[in-house]
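Number of protein chains: 2
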Amino acid sequence: MKICLIGSGNVGTHLGKALVLSGHEIVQVFSRSSAHAETLVKQLTDLLGPLPQHPHVITDIQDLEKQSDLYIICVSDRAISSVIAQLPTDLSGIVVHTSGSTSMDVFAELPNTHPNLKYGVFYPLQTFTKGKEIDFNVIPLALEAQDEEVYQVLETLAKPLSQNVFPCSSKQREALHIAAVFACNFSNYFFHEAEKLLERNQLSFDLVRPLILEMATKAQVISPRFGQTGPAVRKDWNIVQKHLDFLDNDPETDPRIRRMYEELSVMISEMNDDKA
Amino acid sequence: MKICLIGSGNVGTHLGKALVLSGHEIVQVFSRSSAHAETLVKQLTDLLGPLPQHPHVITDIQDLEKQSDLYIICVSDRAISSVIAQLPTDLSGIVVHTSGSTSMDVFAELPNTHPNLKYGVFYPLQTFTKGKEIDFNVIPLALEAQDEEVYQVLETLAKPLSQNVFPCSSKQREALHIAAVFACNFSNYFFHEAEKLLERNQLSFDLVRPLILEMATKAQVISPRFGQTGPAVRKDWNIVQKHLDFLDNDPETDPRIRRMYEELSVMISEMNDDKA
């Protein structure tokens, strides 16, 4: 399939590589910054040696190749609607965005403005970090499409990339994105709070790394509702109070973290009540 | 070394197995419930076949073997001081507890009441789940002791069990325990919140499992302060607001989680400010 990437950030980079490795042709990479786009093109070229057709860098969206099959918008969420509005009106094929929390409705006007362009959503659920390789095959790909025909095209594209391709409405996709924020972003933030507390006490973050890995490994096979450990789920209020006292006596503890420790402990203590 | 285990919960089970595998002799297992103690003894026996000396189950703490080298208190934190008070006064050797948040001061009266008993702390930093095997070798073991001589004995015991044995004051140990609550218990709780949100939207928790594993794997090599991803650290308030609106419109979302989403987003957004 001939594909144009619109955007050259983390999602574009990881998705672009997976597509090239899957045998697709990246025809163009658009970025307002030609340096960013060149970096991505170089990574794609490095993957397979000189590609049959070297991707072109474009910095003006009006230069998008008209004869592509697929246009993948992988810009920041707030830029998506403006990118759509600027798409050349004579494009044909399919355009998708890759955002968790942008409804497919963002394309609602497209049939009026771009009569030959169909649309959909191609959302890889993963935390991408530039420079860190990732096994794309385990990344869930949430698909949504204007109609069944477009869905089939996206599914055909997606299945060789990932073992977990599934249909997902815009509302479900937003719930999935929020769940990912809970499970991933908030957890990492608490890792960071642990890191700061350890540093303030001349201890290394290395000490909790095995614990983090064990917890995440356990969550692969056990429901978190049954994997909860720690003083709060045991309703060991004596320990919870000791920890609160410790945080109260530490002038460098953010009062918000102290409040959160207390509130989360109450919420965790209620987990077993739910089961009863 | 001849060892008595006082308590037969998760810590006693995992530590007892590691000690047996390391060639030590578990002489007795005390539990108020003989069934619990028998279960632990059976697991120890299963490890090596019939042990040279089969551990005895005792349910009266006064029956503790006088000739042991080490008494390991692995009961719930709130029971530690009462166990210490009940130790036969003619014991000799070393007694340790295994608690993160109990100061070594809990033993302060021991020299007056138990003149032949030395004391210390032997704290394995891990989340133990009964029935789930664990690689004890990667578990950090935090040691504290009454004096250098006792420390050397505990260190000699600990080093074959774990590659990460280190001295740790009572205050540091409490900080470490709180850090573990942040990094492990709070993260698992947010996994659970993700699970509930996904279920309410007919989505499987399986979808975020790869994300969780990737995040925890990343935290093994990157400082969490540099590994943060998601809308808040990008200060993408548009997405944060969309998520808050979603949670507001979901009658089953706990208002505490909604408030926490908002507050954590603000805190996460400040992470890069710290770096500047």
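Protein chains in written order, with our numbering: chain A, 5 to 280; chain B, 5 to 280.
Where is the CB? At the ideal position from N, CA and C, for every residue including glycine.
{"Check": "DSSP beta-bridge partners of B:Q32", "Outcome": "B:C8, B:H60"}
{"Check": "Contact with chain A by B:P144, beta-carbon distance below 7 Å", "Outcome": "yes"}
{"Check": "Exposed unless 16 or more other CB atoms sit within 10 angstroms - verdict on A:P255", "Outcome": "exposed"}
{"Check": "For B:V99: DSSP bridge partner residues", "Outcome": "B:Y75, B:Y123"}
{"Check": "Minimum Cβ-Cβ distance from B:L202 to chain A less than 7 Å", "Outcome": "yes"}
{"Check": "Proximity of A:S26 and A:L211 at Cβ, strictly below 7 Å", "Outcome": "no"}
{"Check": "Whole-angstrom distance between A:T43 and A:V125, CA atom to CA atom", "Outcome": "25 Å"}
{"Check": "Opposing strand residues paired with B:P171 [DSSP bridges]", "Outcome": "B:L147"}
{"Check": "A:R263 versus A:E274, A:F250, A:G13, residue with shortest Cα-Cα distance", "Outcome": "A:F250"}
{"Check": "Length of the line joining the Cα atoms of A:Q66 and A:D94", "Outcome": "10 Å"}
{"Check": "The region 112-132 of chain A touching the region 36-52 of chain A, judged by at least three CB pairs closer than 8 Å", "Outcome": "no"}
{"Check": "At least three beta-carbon pairs within less than 8 Å, the region 192-203 of chain A to the region 215-230 of chain B", "Outcome": "yes"}
{"Check": "Minimum Cβ-Cβ distance from A:V87 to chain B less than 7 Å", "Outcome": "no"}
{"Check": "Those residues which DSSP pairs with A:P128 across a bridge", "Outcome": "A:L145"}
{"Check": "Under 9 Å (Cβ pairs) to chain B, residues found in the region 13-35 of chain A", "Outcome": "N14"}
{"Check": "Whole-angstrom distance between A:A220 and B:L207, CA atom to CA atom", "Outcome": "20 Å"}
{"Check": "Min CB distance A:D81 to chain B below 7 Å", "Outcome": "yes"}
{"Check": "Short-range partners of chain A found in the region 99-119 of chain B, where Cβ spacing is below 7 Å", "Outcome": "S105"}
{"Check": "Inter-residue spacing [alpha-carbon to alpha-carbon] between A:G16 and B:L23", "Outcome": "51 Å"}
{"Check": "Contact list for A:F126 against chain B, beta-carbon separation under 8 Å", "Outcome": "Those within 8 Å of A:F126 in chain B number zero; the least Cβ separation is about 15 Å."}
{"Check": "C-alpha distance - B:I7 paired with B:L68, whole-angstrom precision", "Outcome": "10 Å"}
{"Check": "Stretch-stretch touch, CB-based, cutoff 8 Å, three pairs: the region 176-190 of chain A with the region 166-184 of chain B", "Outcome": "no"}
{"Check": "Alpha-carbon to alpha-carbon, A:K200 and B:V100", "Outcome": "29 Å"}
{"Check": "Per-residue burial, B:E152 [other beta carbons within 10 Å of its own, 16 or more giving buried]", "Outcome": "exposed"}
{"Check": "Continuous alpha helix (DSSP H) stretch holding B:G20: start and end", "Outcome": "14-25"}
{"Check": "Interface flag, B:N276 vs chain A, CB-CB below 7 Å", "Outcome": "no"}
{"Check": "Three-state class that DSSP yields for B:D252 in the structure shown", "Outcome": "helix"}
{"Check": "Beta carbon of B:I138 nearer than 7 Å to that of B:P128", "Outcome": "no"}
{"Check": "Start-to-end residues for the alpha helix (DSSP H) that takes in A:F230", "Outcome": "228-231"}
{"Check": "Reduced DSSP secondary structure (H/G/I, E/B, other) of B:V154", "Outcome": "helix"}
{"Check": "Test: A:S191 CB closer than 7 Å to a CB of chain B", "Outcome": "yes"}
{"Check": "Residue environment, A:R213, which counts as buried when at least 16 other CB atoms sit within 10 Å", "Outcome": "buried"}
{"Check": "Cβ neighbours of B:S72 in the same chain (closer than 7 Å, five flanking residues each side left out)", "Outcome": "K6, I7, C8, V31, G97"}
{"Check": "Residue range of the alpha helix (DSSP H) that includes B:F87", "Outcome": "For the record, residue 87 of chain B in the displayed sequence is Val; it is not Phe. Per DSSP, B:V87 belongs to the alpha helix (DSSP H) from 84-90."}
{"Check": "CB of A:S273 within 7 Å of CB of A:A223, strictly", "Outcome": "no"}
{"Check": "Spatial distance of A:Q90 from A:Y155 (CA atoms)", "Outcome": "24 Å"}
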